[in-house]
Structures are given as structure tokens and as C-alpha cells.
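Input: a single structure, listed below in C-alpha cells.
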Amino acid sequence: MPAISGGHRTLADALPISGEGPVVDLGCGPGPTLRALRERLGPELELVGVEKELPALEESLAADANVRPVAADLREPLPFADASFEAALCHNTLECLPDKQAFLREVARVLRPGGHLLLGHTDFDTTVFNASDLELTRRLVHANADTQENWMDDSDGAIGRKLVGIARHSPFELADAFAWVLLDTSFAQGGVAHGAVRSIAASVRRDHHEDLAARLDEWVDDLRALAGRGEFLFSVNDYAVLLRR
Ligand SMILES: C[S@@+](CC[C@H](N)C(=O)[O-])C[C@H]1O[C@@H](n2cnc3c(N)ncnc32)[C@H](O)[C@@H]1O
Numbered sequence: 001m002p003a004i005s006g007g008h009r010t011l012a013d014a015l016p017i018s019g020e021g022p023v024v025d026l027g028c029g030p031g032p033t034l035r036a037l038r039e040r041l042g043p044e045l046e047l048v049g050v051e052k053e054l055p056a057l058e059e060s061l062a063a064d065a066n067v068r069p070v071a072a073d074l075r076e077p078l079p080f081a082d083a084s085f086e087a088a089l090c091h092n093t094l095e096c097l098p099d100k101q102a103f104l105r106e107v108a109r110v111l112r113p114g115g116h117l118l119l120g121h122t123d124f125d126t127t128v129f130n131a132s133d134l135e136l137t138r139r140l141v142h143a144n145a146d147t148q149e150n151w152m153d154d155s156d157g158a159i160g161r162k163l164v165g166i167a168r169h170s171p172f173e174l175a176d177a178f179a180w181v182l183l184d185t186s187f188a189q190g191g192v193a194h195g196a197v198r199s200i201a202a203s204v205r206r207d208h209h210e211d212l213a214a215r216l217d218e219w220v221d222d223l224r225a226l227a228g229r230g231e232f233l234f235s236v237n238d239y240a241v242l243l244r245r
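For the sequence shown, counting from 1, position 193 maps to 193 in the working numbering; every step adds exactly one.
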């Protein structure tokens, strides 16, 4: 369930980097974490963004001569030489990869000794809405957490809480673990809660939860009413592990 995203500044700030570079973002999407790294570390650091298809990077990154977009399938060996990166990031992508340890072995190979991987994931099953019908809300949240979109090769709506265990079975040393909360109290268009509601609606339709789909309008109307009274709240937990090669 990948539509909720945020915390890119938190991720960029948590990655130890000397500035030597390059730094790679594996499953970078349009590049929100790369942009946060650029803002933190200045224009000289070489950044690499990897996506299954050549990434459609946001405008500032597409125009940045020190950002290299690379097309590669993260289920396969990475198209980089041994020890070619100072550091790596991977956020909200691991759930899509069927063999998580094979991927981590490849990341360890392309990192220099002492280099860090920051591996983060939203735990979608921790999604909270203040809504009048708690039972309906729980069912919608779970349906959404458990869905697998057609571009994903695997899915795990509770992967955030498993990162520490995954890290301990990887070739890396677990250096640290973090958690933060994405919070939205406004229900504004374009906000993180709005994105989550769109994702929930798409999930229940995709997976033919007809009973839940029939109650979506009622549920969203209730959220709007709560927002109108200043009582709306959405949150979801994000977890990350810092791994040392
Ligand atoms: C939910 S997005 C996360 C994007 C970004 N890291 C973020 O936190 O906003 C997951 C990304 O992983 C990419 N992805 C999924 N499976 C992949 C694979 N096998 N190889 C390369 N990229 C993949 C998807 O294309 C998608 O852009």
C-alpha cells in the first residue's frame, strides 16, 4: 500500500554522509528524498536515483547535472561496481521486493566498507483516522494495508515493524533504529490524509470489497464533517533502520 509518503527530510537528515559521495536512492520515485539530500548537502554531491523504468524525476532534479537517473530492477543484481557508493537510501520500496535479503546483499556489495544504508518503510497497518465508525475505519485501513497494486511484485502492509528483524538477518550491522509519525489534522487537498483516503478507495475497489466500497461515501462524508468541526486527525508510523556495511 504505497500511496502514503512523507518524512523525506527526516530520512535525509538521518543518513551519515561525509560528502564524498555518490549516494544512491533505490526506488527513488520522482525523487523527494533525493531533493531533501540535495537541500541538506549542497549542489556538489553526486546523487543517483534508481527506478525500474528510468525515473521521471521532479523538475529541479531533472535539471541537476549531479543527479544520475538509472533504470534497474531491484530484484536483479544492481548495475554498479563493488564499493561504488558512500551511502544508500531505500524508502517505501522494500515491501515490493520478494527476496529482501538478496536485495540487501546487493546493496552491501555496492557500498564501501563503513558506508551506511538507511532503510525506511511506512507501516501502513498503523494508520489512524479519527472517524465516527471505528469498526468500519479499521476494516478500511486493513484492506488498504493488505492490498497489492499491479506494479508491485510483493506487498506487506506491516513491513515497517519488521525492519529491525530484516536488518539483523542481513549482511549489515544494525547501527540504529528510528520511528516517526506522519500527522495530518487538516484533511486538505494534496495532504497526506487525502492521499491515504484516495488509496483506501482504490484498494477496496481493486480487491472487490463490495461491502466496504458501498460505504466509502458515508465514511468520507464523516471525515469531512469532523474536519469541519476541527476534529479531524490522521496519522501513520514510519520506521527506519540505519545499517552499516
Ligand atoms: C512507494 S514508491 C517510493 C518512492 C520514494 N522512495 C518515496 O519514499 O516516496 C516505491 C518505488 O519503488 C519502485 N519499485 C518497485 N519495485 C521495483 C523494482 N523491482 N525495481 C526498481 N524499482 C522498483 C516503484 O517504481 C516506486 O517508484
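Where is the CB? At the ideal position from N, CA and C, for every residue including glycine.
Distance, residue j Cα to residue i Cα
| i | j | result |
| --- | --- | --- |
| residue 14 | residue 118 | 8 Å |
| residue 104 | residue 60 | 29 Å |
| residue 240 | residue 195 | 21 Å |
| residue 115 | residue 221 | 49 Å |
| residue 153 | residue 143 | 18 Å |
| residue 54 | residue 31 | 12 Å |
| residue 123 | residue 157 | 6 Å |
| residue 72 | residue 44 | 24 Å |
| residue 159 | residue 76 | 21 Å |
| residue 3 | residue 197 | Per-residue confidence for residue 3 stands at a pLDDT of 41, beneath the threshold of 50, marking its modelled position as unreliable; the derived number appears in the next sentence. Looking at the two C-alpha atoms, the distance is approximately 10 Å. |
| residue 233 | residue 92 | 23 Å |
| residue 137 | residue 162 | 24 Å |
| residue 87 | residue 101 | 18 Å |
Closest residue to residue i among the options (Cα-Cα distance)
| i | options | result |
| --- | --- | --- |
| residue 193 | 127, 84, 36, 66 | 127 |
| residue 236 | 41, 125, 109, 90 | 125 |
| residue 189 | 224, 98, 173 | 224 |
Status (buried if at least 16 other CB within 10 Å, exposed otherwise) for residue i
| i | result |
| --- | --- |
| residue 199 | buried |
| residue 181 | exposed |
| residue 51 | buried |
| residue 1 | The predicted position of residue 1 is uncertain, since its pLDDT is 41 and thus under 50; a value taken from the coordinates is nonetheless stated next. Buried, because 16 or more other Cβ atoms sit within 10 Å of the Cβ of residue 1. |
| residue 151 | exposed |
| residue 168 | exposed |
| residue 164 | exposed |
| residue 210 | exposed |
| residue 8 | buried |
Whole-number beta carbon distance between residue j and residue i, since they are thought to touch under 8 Å
| i | j | result |
| --- | --- | --- |
| residue 111 | residue 170 | Their Cβ separation, rounded to whole angstroms, is 12 Å, which puts residue 111 and residue 170 out of contact at 8 Å. |
| residue 12 | residue 33 | 6 Å |
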